[in-house]
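Take the sequence shown: its letters are residues 4 to 306, numbered as in the working numbering. So the structure is just underneath, and the comments pick up after that.
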Amino acid sequence: MRRLKMLLQPSWLALAAVALLFTYLCFTVLAPWQLGKNARVSKENHQIDVSLTADPVPVTDLLPHQDSTAPEQQWRRVTATGHYLPDKQALARLRVIQGAPMFEVLVPFAVDGGPTVLVDRGWVAPLEGSRPPAIEPAPEGRVSIAARLRDAEIAPPDKKPFTADGSLQVYAIDPTQLSGLVDVPLAGAYLQLEADQPGGLGVIELPHLDAGPFLSYGIQWIAFGIVAPIGLGYFIYSEVKVRRRERENRELLDAAADDEANRPNTDDEDAAPGTEDTRAPAPESVQQARVEQKLTDRYGRRR
């Protein structure tokens with residue numbers, strides 16, 4: 004019962020609540036967050052690795068219809084023949100290329116006998132920090148291109164598209180959003196041009212095949228979630244042990260004090276009859292020292 008009363012104190016209840024909440028977050032939020040990142044990066048690395056040796060295929064094999072997507076074929080090399088729609092061009096802003104902010108130039112491409120697909124022509128450097136430079140328009144007429152298939156991004160809801168310096172500017176390569184902005188139906192994925200292609204600009208290199216630290220971070224959060232309740236249990240055990248030792252010491256002191264009080268005073272027996280003992284009682288600190296000495300003689304020195 005004493006232990007239960009101790010655990011019902013506000014400080015212990017608060018500590019237990021924090022430890023259990025932290026454990027819950029580790030297993031349901033933090034570890035899945037990092038492990039999910041690791042799974043996505045591993046999948047993307049595998050797709051890039053496969054694409055390096057796979058032969059290119061016509062884009063219509065992967066995107067046969069206007070609303071087609073191919074998330075399992077990201078980074079796959081494809082070919083397409085058709086024509087650009089230069090007057091429907093847009094810019095994706097705040098893209099980081101080679102460690103610097105860039106614009107990526109986006110333009111629809113109508114595939115012969117297939118869908119209209121958004122094409123990322125590559126990057127251009129901004130002027131004076133945020134202004135787009137003059138961009139050479141995409142070539143007119145029928146051309147053949149080689150590109151890599153990319154998954155659509157999701158446009159952030161808090162960053163709206165706008166037109167500035169004569170260019171439509173967006174914050175994500177989202178074909179669904181751009182389809183409504185340029186009034187052209189677009190497939191659910193987009194194409195990223197390879198080097199030396201008609202209409203190509205600065206080449207966007209493939210990502211490095213690096214798994215990153217996400218797996219180790221996920222394992223660490225799992226370990227933290229396991230250690231937290233164990234640590235709470237250890238603190239409770241330590242507190243109970245200390246309280247038990249203090250209670251035993253108090254009981255020993257009380258028993259020794261009772262023995263001291265009940266022990267006959269031999270000095271009084273040796274005193275001469277009829278004489279009065281005029282000695283002052285020992286100070287309390289001296290009495291406590293005597294009790295401590297008796298405990299040491301009887302039970303040994305406490306550690």
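We put the beta carbon where it would ideally sit given N, CA and C, even for glycine. Computed from a predicted model, the values in this text were never measured in an experiment.
Is residue i buried or exposed, if buried means 16 or more other CB atoms sit within 10 Å of its CB?
| i | result |
| --- | --- |
| Asp-90 | exposed |
| Phe-106 | buried |
| Thr-56 | exposed |
| Thr-179 | exposed |
| Ser-133 | exposed |
| Phe-165 | exposed |
| Val-21 | exposed |
| Leu-16 | exposed |
| Gln-50 | buried |
| Val-245 | exposed |
| Ile-233 | exposed |
| Gly-183 | exposed |
Since residue i contacts residue j with CB under 8 Å, what's their CB separation in whole angstroms?
| i | j | result |
| --- | --- | --- |
| Gly-313 | Trp-126 | What the structure shows of the chain is the stretch from 4 to 306, and residue 313 is not part of that stretch, so it cannot be assessed. |
| Pro-188 | Thr-84 | Pro-188 to Thr-84, Cβ: 19 Å. No contact. |
| Leu-194 | Val-108 | About 13 Å; that fails the 8 Å criterion. |
| Val-146 | Ala-93 | Not confirmed; about 20 Å, so no contact. |
| Leu-152 | Leu-38 | That pair is no contact at about 26 Å. |
| Gly-191 | Asp-70 | 6 Å |
| Leu-18 | Leu-181 | Not confirmed; about 53 Å, so no contact. |
| Leu-209 | Gly-203 | With a Cβ gap of about 15 Å, Leu-209 and Gly-203 do not count as contacting. |
If you draw a straight line from the C-alpha of residue i to the C-alpha of residue j, how long is it?
| i | j | result |
| --- | --- | --- |
| Pro-135 | Gly-144 | 26 Å |
| Lys-40 | His-211 | 16 Å |
| Thr-72 | Trp-78 | 13 Å |
| Ala-95 | Ile-222 | 36 Å |
| Leu-33 | Gly-102 | 28 Å |
| Asn-252 | Ser-241 | 17 Å |
| Ile-229 | Lys-46 | 28 Å |
| Ala-141 | Asp-123 | 11 Å |
| Leu-121 | Trp-36 | 31 Å |
| Val-110 | Thr-31 | 41 Å |
| Ser-219 | Asn-48 | 17 Å |
What does a CB cutoff of less than 8 Å around residue i pick up in its chain, not counting 5 residues either side in sequence?
| i | result |
| --- | --- |
| Leu-130 | Pro-136 |
| Pro-159 | Tyr-174, Ala-175 |
| Gln-200 | Ile-148, Ala-149, Ala-150 |
Taking 6 Å as the limit between beta carbons, can you name the residues of its chain near residue i, skipping five residues before and five after?
| i | result |
| --- | --- |
| Phe-25 | Ala-231 |
| Ser-170 | Leu-94, Pro-135 |
| Pro-74 | Asp-154 |
| Glu-156 | Ala-175, Ile-176, Asp-177 |
In chain order, what residues of the same chain have a beta carbon less than 7 Å from the beta carbon of residue i, not counting five sequence neighbours either side?
| i | result |
| --- | --- |
| Asp-115 | Thr-84, Gly-85 |
Just list the alpha helix (DSSP H) runs in the region 48-84, keeping only unbroken ones of 4 residues or longer that don't cross its boundaries, in chain order. 62-65, all fully within the region 48-84.
At what residue ranges does the region 129-189 contain a whole run of the alpha helix (DSSP H), taking only runs of 4 or more? Listed in chain order, they are 178-185.
Please give me, in chain order, every unbroken run of the beta strand (DSSP E) with length at least 3 that falls completely inside the region 92-124. Restricting attention to beta strand (DSSP E) runs no shorter than 3 residues, the region 92-124 encloses them at 93-100, 103-114, ordered along the chain.
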